[in-house]
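Only one structure is covered here, and it is reproduced in the block below.
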Amino acid sequence: MDRHLKTSSEKTALIWEPNNPNEEPKHISYKELHRNVCRFSNVLKSLGVKKGDRVCLYMPMIPELTVAVLSCARIGAIHSVVFAGFSAQALQDRINDSECKLIITADGSFRGEKVLNLKSIVDEAIQYCGSIEHCIMVERTKAEVNLVPDRDLLWCELMNESNDYCDATEMESEETLFILYTSGSTGKPKGVVHSIAGYMVGAEYSFRNVFQYQEGDVYWCTADIGWITGHSYVIYGPLLSGATTVMFEGVPSHPDYGRFWEIVDKHKVNIFYTAPTAIRALEAQGLDFVTPYKLDSLKVLGTVGEPINEEAWQWYHTHIGKEKCPIVDTWWQTETGGMMIAPLAGITKLKPTYATLPLPGVQPCLVDDKGNEIQGLNVEGNLCIKYPWPSMIRTTYGDHNRCKEVYFSAYPGKYFTGDGCKRDADGFYRITGRVDDVINVSGHRIGTAEVEDAINQHQEVVESAVVGFPHSIKGQGIYAFVILSKIEFNPNEICSQINELVKKHIGPIARPEKIQFVSGLPKTRSGKIIRRILRKIASGEINNFGDTSTLLDPEVVDLIVDSRNLTISK
Ligand code: WT7
Numbered sequence: 000m001d002r003h004l005k006t007s008s009e010k011t012a013l014i015w016e017p018n019n020p021n022e023e024p025k026h027i028s029y030k031e032l033h034r035n036v037c038r039f040s041n042v043l044k045s046l047g048v049k050k051g052d053r054v055c056l057y058m059p060m061i062p063e064l065t066v067a068v069l070s071c072a073r074i075g076a077i078h079s080v081v082f083a084g085f086s087a088q089a090l091q092d093r094i095n096d097s098e099c100k101l102i103i104t105a106d107g108s109f110r111g112e113k114v115l116n117l118k119s120i121v122d123e124a125i126q127y128c129g130s131i132e133h134c135i136m137v138e139r140t141k142a143e144v145n146l147v148p149d150r151d152l153l154w155c156e157l158m159n160e161s162n163d164y165c166d167a168t169e170m171e172s173e174e175t176l177f178i179l180y181t182s183g184s185t186g187k188p189k190g191v192v193h194s195i196a197g198y199m200v201g202a203e204y205s206f207r208n209v210f211q212y213q214e215g216d217v218y219w220c221t222a223d224i225g226w227i228t229g230h231s232y233v234i235y236g237p238l239l240s241g242a243t244t245v246m247f248e249g250v251p252s253h254p255d256y257g258r259f260w261e262i263v264d265k266h267k268v269n270i271f272y273t274a275p276t277a278i279r280a281l282e283a284q285g286l287d288f289v290t291p292y293k294l295d296s297l298k299v300l301g302t303v304g305e306p307i308n309e310e311a312w313q314w315y316h317t318h319i320g321k322e323k324c325p326i327v328d329t330w331w332q333t334e335t336g337g338m339m340i341a342p343l344a345g346i347t348k349l350k351p352t353y354a355t356l357p358l359p360g361v362q363p364c365l366v367d368d369k370g371n372e373i374q375g376l377n378v379e380g381n382l383c384i385k386y387p388w389p390s391m392i393r394t395t396y397g398d399h400n401r402c403k404e405v406y407f408s409a410y411p412g413k414y415f416t417g418d419g420c421k422r423d424a425d426g427f428y429r430i431t432g433r434v435d436d437v438i439n440v441s442g443h444r445i446g447t448a449e450v451e452d453a454i455n456q457h458q459e460v461v462e463s464a465v466v467g468f469p470h471s472i473k474g475q476g477i478y479a480f481v482i483l484s485k486i487e488f489n490p491n492e493i494c495s496q497i498n499e500l501v502k503k504h505i506g507p508i509a510r511p512e513k514i515q516f517v518s519g520l521p522k523t524r525s526g527k528i529i530r531r532i533l534r535k536i537a538s539g540e541i542n543n544f545g546d547t548s549t550l551l552d553p554e555v556v557d558l559i560v561d562s563r564n565l566t567i568s569k
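Number 364 in numbering that gives the first Met the number 0 belongs to position 365 of the sequence shown; there are no gaps in the numbering.
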């Protein structure tokens, strides 16, 4: 922030577009953002937040969230942003894992027609969070809230009493900038730790080069700051580059499915970055929502979060980019901090559905299941990275061994991504999806074990197995196979109870699309569930299960296939 003050203090740093299109957007200059960050940094200090302390942010997409993130960074406190769609239980787990001292939230959040009461979720969560000393609340929805004296404080009051001058705390480059929780194939979500210098180098370098950002460009990434895309490409990448970044509070469908394009025209957005799931959802609504808009400010389009299918790519290219905007399909992960495999807009040759080539300095490789590197072209394997890069994960919070285990033990000496990948005749890379037990629903990573744990909380559930299946809009949907203790239950009732449990333990995004009640699960003699078979059944492929000789009871597969009529959809 400080370095841009010398040259661009009056330049707009942040354009905030509210949920309601009739509410005024905000244009916040670098100078103003800097002032707010200094003021809030002083607020944090006055509450005893020091370098290295963890601060949890559970907030809507409002400018105060950006201010809070940057204020933590300014005083060397570690921010842990939790997506405001997670449940009280999920929030509590994340606060407790990193022992956050403070939580910042809002009374509520506007999402389309809905109002979410964030403060009541926070109240529920922090009853069991011994480390939390204070809760700072921004007033956004003016919903009625419960304020606990001494513990709960109002953002506006604290800001009014604060002052504008706050030196940035000096930090070592390898000290921690933030923690962001993400799901894996086993256990509870891990706190991915990113370092100060490496992360910021990665975010700025990739932002400038992949989008070919030019001074003066207006840039909009639609991601929520609760995910890594929001950290790296709503806040850090663009603001480090001195760009103008758009932050949108709402959803693409409100007040109608033309909202994204209305915002592009309104703010003359030059670079637009979104997820394939959003493109597919908008495509499904038809061109009537697109044609009213000019979209002539657009120069570069981007996608992230999941593989983009050819049809969605072509629609985006033709109807949004008017065949003149390069599409950068950017592959990366929470753990990589920034983009890893992606075209450089207008420079790298494009190939629909391909993330194309690694960024200069990144060295991917494909490895077979035995750990041998697969050389040459027209090959497919497990995607690994051979050498470190600046913004790579430094550790998993509180458990360094877990970091070694999860990412560096499958293929010794290499970082394993969890993704499958093809390399074509031109040496271009195409990500084919996860090869582990992680499901990608609308670009959100959901661990099957977490969903199973939630389902198993139901007292009549004996066992469950969760897999992903292809979904036309979301990319993947969640399919749960569930064994009940007795068969005489009302399946619809149990289904809604299971959905409630998943909502309570994780959040609405992890609710299964389909639940099938079964009498058994395909297991090996050692008791391991063979998900490969369940994935096939969930995708409607009921033949060719491959080698089933290792199954303890091969008949169970036929029983599951035959009981598909007992599947209940959301
Ligand atoms: C997983 C990482 C990177 C920020 C958003 C998600 C999948 C991500 C692509 C892409 C195909 C992609 C991978 C990856 N993924 N981008 N361009 N093409 N797949 O971050 O939650 O950490 O998830 O998202 O499977 O491993 P995340």
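All C-beta atoms, glycine included, are put in the ideal place defined by N, C-alpha and C. Owing to the predicted nature of the structure, the values given are computational and were not obtained by experimental measurement.
Leaving aside the five residues that flank residue 528 on each side, the residues in its chain whose CB is nearer than 8 Å to its CB run, in chain order, 464, 520, 521 and 522. Counting the other Cβ atoms within 10 Å of the Cβ of residue 78 gives 16 or more, which makes it buried. Per DSSP, the continuous beta strand (DSSP E) segment holding residue 152 begins and ends at 151 to 153. Scanning the region 469 to 517 for uninterrupted alpha helix (DSSP H) segments of 4 residues or longer gives 490 to 504, listed from N- to C-terminal end. Excluding sequence positions up to five before and after residue 379, its CB lies within less than 6 Å of the CB of 421, all in the same chain and listed in chain order. Under the rule that a run must span 3 or more residues, the beta strand (DSSP E) segments found entirely inside the region 404 to 475 read 414 to 422, 428 to 433, 437 to 440, 443 to 446 and 460 to 470.
Residue 474 is a Cβ neighbour of residue 305, given a cutoff of 7 Å.
In this structure, the CA atom of residue 82 is about 7 Å from the CA atom of residue 226.
Residue 31 and residue 136 have their alpha carbons spaced roughly 21 Å apart.
In this structure, residue 93 has its CB at a distance of at least 6 Å from all heavy atoms of the ligand WT7. Residue side-chain check: residue 227 places its Cβ nearer than 6 Å to a non-hydrogen atom of the ligand WT7. In summary, residue 47 is exposed, with fewer than 16 beta-carbon neighbours lying within 10 Å of its beta-carbon over all protein chains present. In this structure, residue 386 and residue 362 form a Cβ contact; the two beta carbons are roughly 5 Å apart against a cut-off of 8 Å. Beyond the five residues adjoining it in sequence on each side, residue 513 comes within less than 6 Å, by CB distance, of 478, 566 and 568 in the same chain, given in chain order.
For residue 276, the distance from the CB to the nearest heavy atom of the ligand WT7 is not below 6 Å. Note that the C-beta distance between residue 346 and residue 357 is not below 7 Å.
Approximately 17 Å separates the beta-carbon atoms of residue 274 and residue 236; this is outside 8 Å, ruling out the contact.
It is roughly 8 Å from the alpha-carbon of residue 556 to the alpha-carbon of residue 532. In this model, residue 103 and residue 93 are separated by some 14 Å (Cα to Cα). At a threshold of 6 Å, residue 423 does not count as near the ligand WT7, since its beta carbon sits no closer than that to any of the ligand's heavy atoms. In the DSSP annotation of this structure, residue 295 is not part of any beta strand (DSSP E), being labelled neither H nor E. At least one heavy atom of the ligand WT7 lies closer than 6 Å to the C-beta of residue 329.
For residue 121, the closest of 300, 110, 134 and 129 by C-alpha to C-alpha distance is 134.
Across the set 55, 24, 548 and 241, the C-alpha of 241 shows the shortest separation from the C-alpha of residue 9. Cα atoms of residue 536 and residue 438: separation of roughly 16 Å, rounded to the nearest angstrom. Contact annotation, residue 197 with residue 189: C-beta distance approximately 18 Å; criterion of less than 8 Å not satisfied. In the three-state DSSP reduction, residue 95 falls in the helix class (H, G or I). Under the three-pair Cβ rule at 8 Å, the region 10 to 25 counts as touching the region 244 to 263.
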